[in-house]
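**Q**
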Amino acid sequence: MNTKVREPLQEEKVFKDPVHHYIYVQDQTIWDLINTKEFQRLRRIRQLGTSYLTFHGAEHSRFSHSLGVYEITRKIISQFERNSFHDWPKEERLVSLCAALLHDVGHGPFSHSLEEVFDTDHEEWTCKIILEDTEINRVLRAVSEDFPGHVASVIQKKYPKPIVVSLISSQMDADRMDYLLRDAYFTGVNYGNFDLERILRVMRPYKGQIVVKESGMHAVEHYLMSRYQMYWQIYFHPVTRSSEIILRQIFRRAKELYEKGYSFLWMPESVKRLLDNTMSVSDYLKLDEALAQTAFMQWAEEDDSLLADLCDRFLNRRLYKYITIDEPEPYLLEEIRLLFLSIGMNPEYHMELDFPFDLPYDVYRPDRQEGEKKEKAPILLLDHQDEISEISAKSDIVRSITGMHQGQYHLYFPEEPLRDNISQMSLQMQQLFQLNEGV
Numbered sequence: 000m001n002t003k004v005r006e007p008l009q010e011e012k013v014f015k016d017p018v019h020h021y022i023y024v025q026d027q028t029i030w031d032l033i034n035t036k037e038f039q040r041l042r043r044i045r046q047l048g049t050s051y052l053t054f055h056g057a058e059h060s061r062f063s064h065s066l067g068v069y070e071i072t073r074k075i076i077s078q079f080e081r082n083s084f085h086d087w088p089k090e091e092r093l094v095s096l097c098a099a100l101l102h103d104v105g106h107g108p109f110s111h112s113l114e115e116v117f118d119t120d121h122e123e124w125t126c127k128i129i130l131e132d133t134e135i136n137r138v139l140r141a142v143s144e145d146f147p148g149h150v151a152s153v154i155q156k157k158y159p160k161p162i163v164v165s166l167i168s169s170q171m172d173a174d175r176m177d178y179l180l181r182d183a184y185f186t187g188v189n190y191g192n193f194d195l196e197r198i199l200r201v202m203r204p205y206k207g208q209i210v211v212k213e214s215g216m217h218a219v220e221h222y223l224m225s226r227y228q229m230y231w232q233i234y235f236h237p238v239t240r241s242s243e244i245i246l247r248q249i250f251r252r253a254k255e256l257y258e259k260g261y262s263f264l265w266m267p268e269s270v271k272r273l274l275d276n277t278m279s280v281s282d283y284l285k286l287d288e289a290l291a292q293t294a295f296m297q298w299a300e301e302d303d304s305l306l307a308d309l310c311d312r313f314l315n316r317r318l319y320k321y322i323t324i325d326e327p328e329p330y331l332l333e334e335i336r337l338l339f340l341s342i343g344m345n346p347e348y349h350m351e352l353d354f355p356f357d358l359p360y361d362v363y364r365p366d367r368q369e370g371e372k373k374e375k376a377p378i379l380l381l382d383h384q385d386e387i388s389e390i391s392a393k394s395d396i397v398r399s400i401t402g403m404h405q406g407q408y409h410l411y412f413p414e415e416p417l418r419d420n421i422s423q424m425s426l427q428m429q430q431l432f433q434l435n436e437g438v
C-alpha cells in the first residue's frame with residue numbers, strides 16, 4: 000500500500016475513559032477522523048439501543064464504544080510491535096486503527112430495529128460514508144487516494160490480509176471485547192467482566208492470523224463465559240425485547256401509513272427519505288436518536304390511533320407484557336389472534352411471538368453449520384510445539400457452550416385491552432394470560 004507519511008501529533012491526545020481508563024491518540028489521521036462531523040454524530044446514537052429502558056445506566060454511545068475498539072486495537076498492535084513479532088505487517092498499523100475507529104460509523108438510530116424494518120445494513124452505510132464525499136473520506140484521502148478503499152475493504156472483510164480483518168471482526172476481536180466490558184459497566188452488571196490485559200498479553204500474530212498462547216486459555220474461557228452471560232442476561236433480556244418490538248412496530252406503522260398516502264402532521268425530510276427508500280449519505284447522516292425521539296413525540300399526537308399509541312408507549316415506557324410459553328401450536332396462535340380481533344385489538348401490531356435467535360449477538364460458534372451464515376474466524380490456540388488447534392477442541396468449558404441456542408418463546412401483548420375485556424374471554428385464555436385473580 001502506497002501511503003503518504005503523515006507526521007504524528009506534536010502532543011499525544013488522551014481521552015479519559017471509564018473502561019480503559021485512558022485512550023491514547025498519537026496519529027494525526029486518527030485525531031482528524033475523531034473530529035469529523037460524521038464521527039461526532041455517534042455521540043447521538045446509543046450503543047445498546049433500547050436497553051436504557053431496562054437498565055437505566057445504559058446511556059453510553061457508539062462514539063465511546065468506537066474509541067474503545069480503537070484503543071484495544073492500538074494496544075494489540077503496540078504489543079505486537081514491542082515484541083518484534085515478525086508475522087505482524089507493520090505497514091498495516093494505520094489502516095487497522097482507522098478501520099477499528101470507523102467500524103460503526105454507519106449505525107443509525109436504534110440501529111438493529113431500523114435495519115430490520117427498512118432492510119438497511121449499517122456496514123454498507125459505513126462503507127458509503129468512508130468512500131463518498133464526506134469529511135471522513137477527505138481525511139483518509141490525505142493519506143493516499145486509495146486509502147479510503149483499503150479501510151472500507153477491512154470493514155467488508157475483503158482486505159487481502161486476513162490478520163487485519165480479524166482485529167475487528169473475529170470471534171475474539173477488539174469490537175466484542177470492548178462492547179462486553181463497556182456494556183457490563185454501564186448496565187451495572189458483572190457478567191461481562193474478564194481479564195482483558197491477560198488476553199492481550201497472550202495474543203500473537205502467527206502465519207497470517209491471530210492466535211492465543213495455550214497458556215492463556217483460561218483467560219479466553221473467562222471471556223467466552225462472560226459473553227455467554229451477557230448474551231442471556233443483557234442482550235436477550237425480555238423487557239428490552241418488548242421495547243424493541245414496540246419500536247419496530249412504530250417504524251412499520253409509519254412506513255405502512257406513508258405508503259398508503261397518509262398525511263402526517265409532522266414529517267422531516269430525512270425521515271421521509273427513510274420511509275420511501277431514497278436516502279443519500281447526507282440524508283442518512285441526519286438520522287440520529289434525537290430526531291427519532293422528536294418524531295415519536297410528534298407522532299404521539301397523530302390522528303392514527305395505532306401509531307399514536309405505539310409512540311406514547313415507547314416514550315413513556317408502557318411496554319407490552321409477555322408470557323412464557325412452550326413452542327406454540329398454530330391452532331393456539333390462531334385462537335389468540337381471533338380473540339384479539341374480537342376485542343378490537345390488531346394482531347399484526349398487538350401480538351408478537353418472540354424467540355431470541357435473531358439478534359446481532361451470539362455465543363461462540365467455532366465453525367459453519369449447514370445452511371447457516373458463515374461465522375467469524377474461530378479462536379485458535381498455539382501450543383509449545385507451534386501446533387494450532389481450535390479452542391473448543393481443548394476446553395471442556397468452551398465445548399459446553401459452543402453453538403448453544405437455549406431460550407424460551409415469549410408472547411408479547413398490551414395488557415390493558417385484555418383486562419378491560421376479561422368478561423369476553425374463556426377461563427382458559429384468562430389463565431393463559433394470567434388475568435384471573437387466582438393466577
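At position 282 of the sequence shown the residue is numbered 281 (our numbering), and the sequence of numbers has no breaks.
No residue lacks a Cβ here, since even glycine has one placed at the ideal position from N, Cα and C.
Alpha carbon to alpha carbon, what distance is there between L96 and L52?
**A** Those two C-alpha atoms are separated by around 33 Å.
**Q** Roughly how many whole angstroms lie between the Cα atoms of T401 and S391?
**A** Spanning the two alpha carbons is a distance of roughly 8 Å.
**Q** Is it the case that the Cβ atoms of V219 and S394 are separated by a distance below 9 Å?
**A** The answer is yes: Cβ separation under 9 Å.
**Q** Tell me the rounded alpha-carbon separation between Y109 and R251.
**A** Strictly speaking, residue 109 in this sequence is Phe, with Tyr absent from that position. Their Cα atoms are separated by approximately 14 Å.
**Q** Run through DSSP, which three-state label would M266 get?
**A** Correct three-state label for M266: coil.
**Q** Among H102, L332 and A151, which residue has its Cα nearest to the Cα of I324?
**A** The shortest C-alpha separation from I324 is found at L332.
**Q** Please list the segments of the beta strand (DSSP E) lying wholly inside the stretch 298 to 365, counting only runs of 3 or more residues, in order along the chain.
**A** Qualifying beta strand (DSSP E) stretches, in chain order: 320 to 324 and 351 to 353.
**Q** Taking DSSP's pairing of strands, which residues face Q208 in a bridge?
**A** Q208 pairs with Y205.
**Q** What span of residues does the beta strand (DSSP E) with Y408 cover, start to end?
**A** Counting along the chain, the beta strand (DSSP E) containing Y408 begins and ends at Y408 to F412.
**Q** With DSSP collapsed to three states, give me the class of F235.
**A** Here F235 sits in coil by DSSP.
**Q** Rounded to whole angstroms, how far is the Cβ of Q228 from the Cβ of Y190, which I believe are closer than 8 Å?
**A** With a Cβ gap of about 4 Å, Q228 and Y190 count as contacting.
**Q** Between which two residues does the alpha helix (DSSP H) carrying S168 extend?
**A** No alpha helix (DSSP H) holds S168; DSSP gives it neither H nor E.
**Q** Once DSSP output is grouped into helix, strand and coil, what is the label at V104?
**A** Here V104 sits in coil by DSSP.
**Q** Would you mind giving the Cβ-Cβ distance between P237 and Q208, rounded to the nearest angstrom? I have them listed as a contact below 8 Å.
**A** No, P237 and Q208 are not in contact; Cβ-Cβ is about 38 Å, not under 8 Å.
**Q** For D282, which three-state DSSP category applies?
**A** Three-state DSSP puts D282 in a helix.
**Q** Any chance the stretch 32 to 43 sits against the stretch 122 to 137, with 3 or more Cβ pairs inside 8 Å?
**A** Yes, since at least three Cβ pairs between the stretch 32 to 43 and the stretch 122 to 137 fall closer than 8 Å, the two stretches touch.
**Q** Run through the DSSP bridge pairs and tell me what H20 is partnered with.
**A** H20 is bridged to D16.
**Q** Identify, in the order they occur along the chain, each residue of the same chain with its Cβ nearer than 6 Å to the Cβ of G215, setting aside the five sequence neighbours on each side.
**A** Cβ neighbours of G215 beyond the five flanking positions: V201.
**Q** Starting from L223 and walking both ways along the alpha helix (DSSP H), at which residues does that stretch end?
**A** Residues M216 to M229.
**Q** Determine the DSSP secondary structure at K372, reduced to helix, strand or coil.
**A** Confidence at K372 is low in this model, with a pLDDT of 47, below 50, so the placement of that residue should be treated as unreliable; the coordinate-derived value is given next. K372: coil per DSSP, three-state reduction.
**Q** Is there contact here, the stretch 178 to 198 with the stretch 148 to 166, by at least three beta-carbon pairs under 8 Å?
**A** The stretch 178 to 198 vs the stretch 148 to 166: no contact.
**Q** Throw me the rounded Cβ distance for the Q170 and I378 pair, which I believe falls under 8 Å.
**A** Going by Cβ atoms, the distance from Q170 to I378 rounds to 5 Å, so yes, they are a contact pair.
**Q** Would you mind sorting S442 into buried or exposed? The rule is 16 or more other CB atoms within 10 Å of its CB.
**A** The requested residue 442 does not occur in the structure, where the chain is confined to residues 0 to 438.
**Q** What are the start and end residues of the beta strand (DSSP E) that includes E389?
**A** Per DSSP, E389 belongs to the beta strand (DSSP E) from I387 to E389.
**Q** Pull up the CB-CB distance for D103 and H64, whole angstroms please, since I reckon it's below 8 Å.
**A** 7 Å between Cβ atoms; contact.
**Q** Got a sec, what are the start and stop residues for the beta strand (DSSP E) L41 sits in?
**A** Segment: none, L41 is in no beta strand (DSSP E) and carries neither H nor E.
**Q** Just confirm the distance between the C-beta atoms of Y411 and E328, as a whole number of angstroms; I'd bet it's less than 8 Å.
**A** Wrong, their Cβ atoms sit about 18 Å apart, outside the cutoff.
**Q** Expressed to the nearest angstrom, what Euclidean distance is found between the alpha-carbon atoms of R73 and W87?
**A** When rounded, the distance between both Cα atoms is 13 Å.
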